[in-house]
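So for the sequence shown, the numbering used here puts the first residue at 18; every next one is plus one. Note that beta-carbon positions come from the ideal geometry of N, C-alpha and C, so glycine has one too. Heads up, the thing below is written out as structure tokens.
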Amino acid sequence: MLHAMVSPPDEVRRHVSHPIDIHVGARMRLRRRFLGMSQTKLADAIGITFQQVQKFERGLSRIAASRLHDVSRALDVPVSFFFDALPAEAGGLAVDSRGTEEAEARNNLQPSEMHGRETLDLVRAYYALADPEVRKRILELVRSLAPAA
Numbered sequence: 018m019l020h021a022m023v024s025p026p027d028e029v030r031r032h033v034s035h036p037i038d039i040h041v042g043a044r045m046r047l048r049r050r051f052l053g054m055s056q057t058k059l060a061d062a063i064g065i066t067f068q069q070v071q072k073f074e075r076g077l078s079r080i081a082a083s084r085l086h087d088v089s090r091a092l093d094v095p096v097s098f099f100f101d102a103l104p105a106e107a108g109g110l111a112v113d114s115r116g117t118e119e120a121e122a123r124n125n126l127q128p129s130e131m132h133g134r135e136t137l138d139l140v141r142a143y144y145a146l147a148d149p150e151v152r153k154r155i156l157e158l159v160r161s162l163a164p165a166a
């Protein structure tokens, strides 16, 4: 006997990521990129696949406390780093899983400029300067070139 195929309902539920999961994943990506570490290298360090790192960074998968502890050790930051700069409204927002940037745009949040490759390259180069006086002078130069706030 043949059974009729049942199609899924028109309103298939999409995975909805919690804004805190997205924020923690973004901080994870920020630190990993700042260190110049690949997703594969981080995955190897904490014993998971790079695909799972991708899911964590996009906020598609929640990071268990024990895994977050492993990530913090691999990225050489305290666990609290992942919750720094957490938006106050994060507790009430929910965004679907099509991607962090699209989700941020739907919720009227601007993607952080801190996540850009140019920003990370600049910060890496700045801290690679051994002389604190040179760093101070470069900071003063950049501030003098920036438009007044």
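Check                                                                                                                                                                           : Outcome
Taking the straight line between their C-alpha atoms, what separation do you get for Leu156 and Met54?                                                                          : 26 Å
When you compare only the Cα positions, how much space is there between Ala44 and Asp101?                                                                                       : Going by the sequence as given, residue 44 is Arg instead of Ala. In a straight line, the C-alpha of Arg44 is about 8 Å away from that of Asp101.
Indicate whether Gln56 and Val33 have their beta-carbon atoms separated by less than 8 Å.                                                                                       : no
Here's a check: name, in chain order, each residue in its chain whose Cβ is nearer than 7 Å to the Cβ of Thr117, leaving out the five neighbours to either side.                : Because the pLDDT at Thr117 is just 46, under 50, the model does not fix this residue reliably, and the point stays unresolved.
Return helix, strand or coil for Thr66, following the three-state DSSP convention.                                                                                              : coil
Does the stretch 59-68 come into contact with the stretch 143-159, if we say contact requires no fewer than three beta-carbon pairs (one atom in each stretch) closer than 8 Å? : no
Following the continuous alpha helix (DSSP H) through Ala91, name the residue where it begins and the one where it ends.                                                        : 82-91
May I ask you to report which of helix, strand or coil DSSP gives Gly42?                                                                                                        : helix
With DSSP as the reference, label Ser161 as helix, strand or coil.                                                                                                              : helix
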